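Every number in my numbering is 1 more than the matching position in the sequence shown, counting from 1. Ideal Cβ positions, reconstructed from N, Cα and C, are used throughout, including at glycine. A quick note: this is a predicted structure, and the numbers were derived from the prediction, not measured. Heads up, the thing below is written out as structure tokens.
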Amino acid sequence: MKILAIETSTEFCSVALWQDGELSSRSEHAGQKHSEILMAMLDGVLKEAGVKLAQLDGIAFGAGPGSFTGVRIACGVAQGLALGANLPVVGICTLQALAQDVAMKGGMKKNKVIAALDARMAEVYFAVYEKSDGIWKTVCEPCLCLPQDTPIVAGAGWSGAGSGFAAHGSLLRARYAGQLVEVDEKCVPQASAIARLAAPMFASGLGVDAAQAMPLYLRDKVALKTSERHVL
């Protein structure tokens, strides 16, 4: 099975190619230049592997939450490529990809992850995952909230991950005092994790028509008014 994966929901732009469990990937700190470098990265990873778009079994993308522009780029490019090649698509929550990334870092598997991405406006995109029998189970559904109001999580031995901990570390560490064994605030969702999570979905026939690819925003409002900024 061959799967192309795209992730652009943060300041990083990454692509990955899954071939029957073997992964090749590229990742760059793009800032706001995702649209300028993404297609070249995709072309590069395919050419390097000697794989053509028509040979793929599906395209996966980071569906969000994250940067509005970044999420739209990943979804739009996945749709365009999939429509042109008549391929199914799978959208993967970036918070679950974050859990997958931190779980595999350093070769040490971590099965309990509190994922938090900085959502700006003094909020975080938040979700909690636990891996059991090789499958990630959602303990807390993705949500948008203030860091001091994130859902309560039971038990200890949790790994914290994501830019939410970089932006609001003191609040989140206080919220989960005694429950966190480590925090990786630099961890970001990557296309390699998107590919790993999408592979069993494609294998189970859960890919959908490209027209059904949808981003996960969680927020409708993208900026604060001047008066609202003064309150923070």
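What did DSSP end up calling residue i once you bin it into helix, strand or coil?
i	result
Arg-220	coil
Arg-121	coil
Ile-74	helix
Pro-201	helix
Gln-56	helix
Thr-139	strand
Glu-186	coil
Thr-227	Unreliable placement is indicated for Thr-227, whose pLDDT of 37 sits below 50; no coordinate value is reported for it.
Ala-100	helix
Would you mind reading off the limits of the beta strand (DSSP E) that contains residue i?
i	result
Gly-59	59-65
Ile-153	Segment: none, Ile-153 is in no beta strand (DSSP E) and carries neither H nor E.
Val-209	Element bounds for Val-209: n/a, residue is neither H nor E.
Ala-162	159-162
Ser-36	Here Ser-36 belongs to no beta strand (DSSP E); instead the alpha helix (DSSP H) covers 35-50.
Taking 7 Å as the line, does the beta carbon of residue i fall inside it for any heavy atom of the ligand ATP?
i	result
Glu-12	With respect to the ligand ATP, the structure shown offers nothing to examine, as it has no ligands at all.
I believe residue i touches residue j by the beta-carbon criterion, under 8 Å. Please report the beta-carbon distance rounded to the nearest angstrom.
i	j	result
Ala-79	Ala-199	The Cβ separation is near 11 Å, so there is no contact.
Ile-4	Asp-58	6 Å
Using CA atoms only, rank isn't needed, just tell me which of the options is closest to residue i.
i	options	result
Ala-117	Ala-61, Arg-176, Ile-74	Arg-176
Arg-220	Asp-21, Ala-6, Pro-66, Leu-24	Pro-66
Gly-63	Met-105, Trp-19, Cys-14, Met-42	Cys-14
Met-126	Leu-181, Lys-53, Leu-173	Per the sequence shown, residue 126 should be read as Tyr rather than Met. Ranking the options by Cα distance to Tyr-126, first place goes to Leu-173.
Ile-136	Gly-45, Gly-156, Ala-6, Arg-197	Arg-197
Can you name, in chain order, every residue of its own chain whose Cβ lies under 8 Å from the Cβ of residue i, other than the five neighbours on each side?
i	result
Thr-139	Gln-97, Ala-128, Val-129, Tyr-130
Tyr-218	Gly-65, Pro-66, Phe-69, Val-72
Gln-101	Trp-137, Ala-194, Arg-197, Leu-198
Apart from the five residues just before and just after residue i, which ones in its own chain have a Cβ nearer than 7 Å to its Cβ?
i	result
Ile-74	Thr-9, His-35, Ser-36, Leu-39
Ala-204	Met-2
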